[in-house]
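Only one structure is covered here, and it is reproduced in the block below.
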Amino acid sequence: MTTMRAIVLDAPGPPDTLTLRDVPKPEPRQGWVLLRVEAFGLNRSELHTRLGLAGPDVTFPRVLGIEATGVIEAAPGTDLPIGSKAVAMVGGMGRSFDGGYAEYTLVPARCVIPVQTELDWARLGALPEVLQTAWGSLTVGIGLSRGETLLVRGGTSSVGMMAAILAKRMGATVLATTRQPERADVLRAIGVDHVLVDDGHIAEAVRTVAPDGVDGALELVGAPTLRDTLRACRVGGTTCFTGMLSNKWIVEQFYPIEFIPTGVRLSAYGGGAGNLPSEVLTDIASAIHRGELDWPVEVYDMEDIARAHEEMEHNRVAAKQVVLTRRVR
Amino acid sequence: MNVGEDVLAAAQALDAQRPAEAAARLTKALGATNDPLEVETLLSLRSYASWLVGDWTDMPALIADFRLARQLRVQRTRGSFGSDMLAAVARGPGRLELARLPLPEPLAGWVAIRVRAFGLNRTEKFLQRGGWPVSALSPVAPLVNGIECAGEVVGHGPPIGDAPPLALGTRVLACASLLGRGIDGTHAEYAVVPRWGVVAVPASGDGLSWRELAALPMSFGTAAGSLDAMDCSSGDTVLIRGGTSALGLAAISLAKHVMGCTVLATARRASAEARLRAVGADVVLVEPDVHRQVRERYPNGVDRALDCVGEATLKETMRCVRRKGVMCQTGALTHVPGFSIRLLGEVPSSVKVTCFESDVLTGAGMSAVIERVLEAIQRGALTLPLDPVEFTLEQYTDALDFLDSETRTGKVVITVP
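Protein sequence lines, in the order shown, are assigned to chains X and L. Just so we're aligned, residue 1 is where the first sequence starts under my numbering, counting upward by one. Just so we're aligned, residue 330 is where the second sequence starts under my numbering, counting upward by one.
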């Protein structure tokens with residue numbers, strides 16, 4: 001039996017519960033794609049799983065990882081090209097079946113998007129889930145149009161930065177929040193038009209920029225700031241709840257008519273590969289490769305996983321964290 | 330009225346839908362006067378502005394101040410009241426009575442109305458049971474009930490701004506935020522209402538009785554506001570959850586006969602089917618299992634859904650809506666203590682959820698809705714969903730009980746002889 005290295009979580013716990021060990025390499029399967037993993041991004045979803053906050057669809061022991069990037073090694077029963085670079089994401093990855101924290105991963109074809117790019121594995125591997133989440137939130141969750149105004153609540157998160165970049169490329173005016181004033185320059189550097197320092201109440205500050213409220217808002221902090229974000233939206237505008245940097249996504253004592261201002265719309269986004277067109281992925285990967293976009297990453301070896309998770313848990317890294325499966329040092 | 334340009338600017342800002350600016354102006358003006366009538370007027374405008382902004386944090390304090398100012402003024406001018414009137418007064422949880430009160434005096438910018446008929450609403454049921462659920466704006470007893478009415482103009486307070494006053498005798502409809510909650514309402518022989526909550530009945534309404542006119546403001550204003558909040562348009566498939574409520578019935582008839590939608594409506598009892606079809610429902614679904622029934626007919630979900638039931642059905646209604654569709658939560662027939670929502674998982678990805686709070690209804694908004702409804706009545710498309718059982722003011726508590734009756738089939742209206 002062929003084996004591979006994988007990071008397995010046997011049960012929720014502290015960072016060192018994540019163990020790197022040899023497990024059987026998955027066998028190709030009809031309608032599924034065997035991906036040789038070169039890099040995988042780290043996500044808060046995996047942190048939630050490790051902390052025991054995930055829903056009942058997560059079972060243990062589990063190879064974590066809701067995304068992976070690499071090369072298609074086998075794809076029986078699909079028209080996906082063998083040997084092509086590809087990304088894979090969500091749809092149960094790392095939750096109800098083994099995911100991307102491994103040298104190989106076997107995922108349903110619907111989770112896979114082929115990509116043609118010369119971008120290095122680290123930065124490409126840091127892209128799929130962030131890009132899918134940001135793109136899906138803007139297009140499916142909000143329905144943002146050219147010329148509209150977007151508020152990103154939680155602007156310095158990876159998804160927040162990507163959403164701001166995409167919105168600027170769509171011709172929108174972008175407001176983004178950060179709790180730390182010293183991060184304002186980072187936001188301005190990626191094109192954010194108005195940086196707001198978030199003290200928990202920003203609706204009024206938003207209205208000094210957009211008096212009727214913004215057309216769209218992306219809530220990445222979580223349930224505690226959601227009502228304030230809704231109040232920053234215009235009538236007919238949409239706040240999309242996507243992330244929860246706060247690890248809180250339940251609104252207690254939810255009285256809808258008081259929580260949602262009249263005429264403002266609330267949506268939530270949790271999507272999959274099907275919401276990310278291959279062209280968008282290729283376009284953004286190419287822009288980063290050409291140096292048009294700065295996409296900072298923090299790179300780790302598989303052996304570093306406990307440290308990487310600890311840093312994520314304490315919000316110590318200002319860049320997207322990505323692990324390379326072949327040693328970087 | 331002599332608090333100067335701040336009040337004028339605030340009134341203009343309110344008309345122009347800039348409530349935050351109005352609130353700031355009014356706060357400034359409040360600091361510059363001690364005159365009870367002025368204070369009372371300013372506070373009423375100020376609470377209205379806060380309401381529109383959506384900031385309810387200072388509302389209880391504003392209303393407490395408002396009532397204090399009113400008491401001071403009433404004490405000072407009590408001798409000037411020449412007559413009294415019959416009114417439905419909430420004196421506390423479970424304590425509702427008909428009582429005689431002094432005639433109310435219109436504040437600056439307010440209109441005095443001889444009430445001819447008024448509709449009953451859930452608000453009064455909540456008051457009767459002892460309070461509004463959860464809201465920051467719990468009523469303070471004693472309080473004249475009532476959030477809407479139809480009647481004639483019999484007087485004006487001193488004018489604010491340039492808006493011409495309504496001629497005495499004009500037939501009007503009224504509904505406004507705070508009425509019957511923070512401040513005395515319309516369930517009485519006379520009511521005073523802020524000018525922004527009053528709309529003159531257009532000529533197309535000449536043929537309608539007081540009873541019919543009284544069925545219009547809240548039900549149709551709220552139904553239209555809710556359908557508009559979802560951008561409902563011709564050809565849309567709309568689910569109305571809670572079809573037999575007065576709001577539900579109005580929404581069915583508007584969606585069908587004014588907006589040209591295909592309408593699915595729900596009821597708890599199969600016996601309601603004929604009634605819902607008569608007002609315009611194309612399909613009637615009987616609870617429970619509405620989600621399954623909707624998806625059997627529309628596998629991708631409906632375009633729009635209006636939930637008039639509340640927390641008990643909200644999560645299921647969301648799942649009835651198609652991808653990129655919209656639902657609106659309006660009204661609250663149910664209240665689930667400790668109701669919470671898991672934003673990821675329970676809110677379906679790509680469905681948009683909005684709310685409509687009827688307190689944002691103003692005369693200007695009402696006017697357009699009422700024109701549309703009257704036009705549909707004139708061309709014979711729409712019949713007002715009035716309940717056939719008639720009540721007069723003396724039968725107030727019977728009428729309130731009837732609101733929950735299984736034999737109720739329409740909007741309950743009370744006439745004031």
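Don't be surprised by glycine CBs; every beta carbon is placed ideally from N, CA and C.
Query                                                                                                                                                                                                  : Result
Please tell me whether Ile260 of chain X has its Cβ less than 9 angstroms away from any Cβ of chain L.                                                                                                 : yes
Compute the distance between the beta-carbons of Gly609 of chain L and Lys644 of chain L, then report whether it is under 9 angstroms.                                                                 : no
Whole angstroms is fine: what's the gap from Glu292 of chain X's alpha carbon to Thr178 of chain X's?                                                                                                  : 24 angstroms
So, does the CB of Phe455 of chain L fall closer than 9 angstroms to a CB anywhere in chain X?                                                                                                         : no
Which value, in whole angstroms, describes the spacing of the CA atoms of Ala268 of chain X and Leu281 of chain X?                                                                                     : 22 angstroms
Answer yes if the stretch 451-459 of chain L comes into contact with the stretch 533-543 of chain L, meaning at least three C-beta pairs across the two stretches below 8 angstroms, and no otherwise. : no
Just the chain X side, please: which residues come within less than 8 angstroms of Lys681 of chain L by C-beta, in chain order?                                                                        : Thr238, Arg265, Leu266 and Ser267
Just list the residues that DSSP pairs Trp32 of chain X with in beta bridges.                                                                                                                          : X:Pro108
Are any of the Cβ atoms in chain X nearer than 9 angstroms to that of Leu672 of chain L?                                                                                                               : yes
Just the C-alpha distance for Leu337 of chain L and Gly438 of chain L, rounded to the nearest angstrom, thanks.                                                                                        : 11 angstroms
Since Gly667 of chain L meets chain X, which of its residues come closer than 8 angstroms, beta carbon to beta carbon?                                                                                 : Glu252 and Gln253
Which chain X residues are close to Glu686 of chain L, counting only those with a beta carbon under 7 angstroms from its beta carbon?                                                                  : Ile257 and Thr262
If you draw a straight line from the C-alpha of Val592 of chain L to the C-alpha of Ala575 of chain L, how long is it?                                                                                 : 16 angstroms
Are three or more beta carbon pairs between the stretch 493-502 of chain L and the stretch 663-677 of chain L nearer than 8 angstroms?                                                                 : no
Which value, in whole angstroms, describes the spacing of the CA atoms of Pro431 of chain L and Arg420 of chain L?                                                                                     : 16 angstroms
Is there a Cβ of chain X sitting closer than 9 angstroms to that of Leu729 of chain L, yes or no?                                                                                                      : no
Are the C-beta atoms of Ser464 of chain L and some chain X residue less than 9 angstroms apart?                                                                                                        : Low confidence applies to Ser464 of chain L: its pLDDT is 42, below 50, so where it sits in the model is not reliable, and the reading given next is rough at best. It does: the Cβ of Ser464 of chain L has a partner Cβ on chain X nearer than 9 angstroms.
To the nearest whole angstrom, what separates the beta carbons of Gly448 of chain L and Ser548 of chain L, a pair I think is in contact under 8 angstroms?                                             : 7 angstroms
Quick one: measure Cβ to Cβ for Cys684 of chain L and Ile260 of chain X, integer angstroms, because I've assumed they're closer than 8 angstroms.                                                      : 4 angstroms
Do Gly216 of chain X and Ile142 of chain X have their beta-carbon atoms positioned less than 9 angstroms apart in this structure?                                                                      : yes
Under the three-state reduction of DSSP, which class applies to Ile569 of chain L: helix, strand or coil?                                                                                              : strand
Short of 8 angstroms in beta carbon distance, which residues of its chain neighbour Phe254 of chain X, apart from the five on each side in sequence? Order them along the chain.                       : none
Output needed in chain order: residues of the stretch 119-140 of chain X with a Cβ under 9 angstroms from some Cβ in chain L.                                                                          : Gly136 and Val140
Helix, strand or coil for His309 of chain X per DSSP?                                                                                                                                                  : helix
What are the boundary residues of the alpha helix (DSSP H) that includes Trp295 of chain X?                                                                                                            : Unbroken run through Trp295 of chain X: none, as it is neither H nor E.
Cα-Cα, which of X:Leu42, X:Gly263, X:Leu34 and X:Met1 is closest to Ile7 of chain X?                                                                                                                   : X:Leu42
Starting from Trp748 of chain L, follow the beta strand (DSSP E) in both directions and report where the run begins and ends.                                                                          : Residue 748 of chain L falls outside the range modelled here, since chain L spans only 330 to 746, and no answer is possible.
Going by Cα to Cα distance, which pick from L:Ser600, L:Gly674, L:Asp688 and L:Gly486 is closest to Tyr377 of chain L?                                                                                 : L:Asp688
Hey, would you say Phe97 of chain X sits closer than 9 angstroms to Leu673 of chain L, going by beta carbons?                                                                                          : no
I'd like to check one pair, Gly191 of chain X with Lys168 of chain X: are the Cβ atoms closer than 9 angstroms?                                                                                        : yes
Counting C-beta neighbours from all protein chains within 10 Å, is the total for Ser409 of chain L 16 or more, i.e. buried, or is it exposed?                                                          : A caution first: Ser409 of chain L carries a pLDDT of 39, below 50, which makes its placement in the model too unreliable to give a value.
Tell me the rounded alpha-carbon separation between Glu477 of chain L and Ala505 of chain L.                                                                                                           : 7 angstroms
Between X:Arg95, X:Met312 and X:Leu226, which lies nearest to Asp57 of chain X when the distance is taken from Cα to Cα?                                                                               : X:Arg95
Mapping the DSSP letters down to three states, classify His336 of chain X as helix, strand or coil.                                                                                                    : Any property of residue 336 of chain X remains undetermined from this structure, which presents chain X solely from 1 to 329.
What would DSSP say about Met695 of chain L, mapped onto helix, strand or coil?                                                                                                                        : helix
Alpha carbon to alpha carbon, how far is Val159 of chain X from Gly186 of chain X? Give it in angstroms, no decimals.                                                                                  : Note on identity: in this sequence residue 186 of chain X is Val, with Gly being the wrong assignment. Those two C-alpha atoms are separated by around 14 angstroms.
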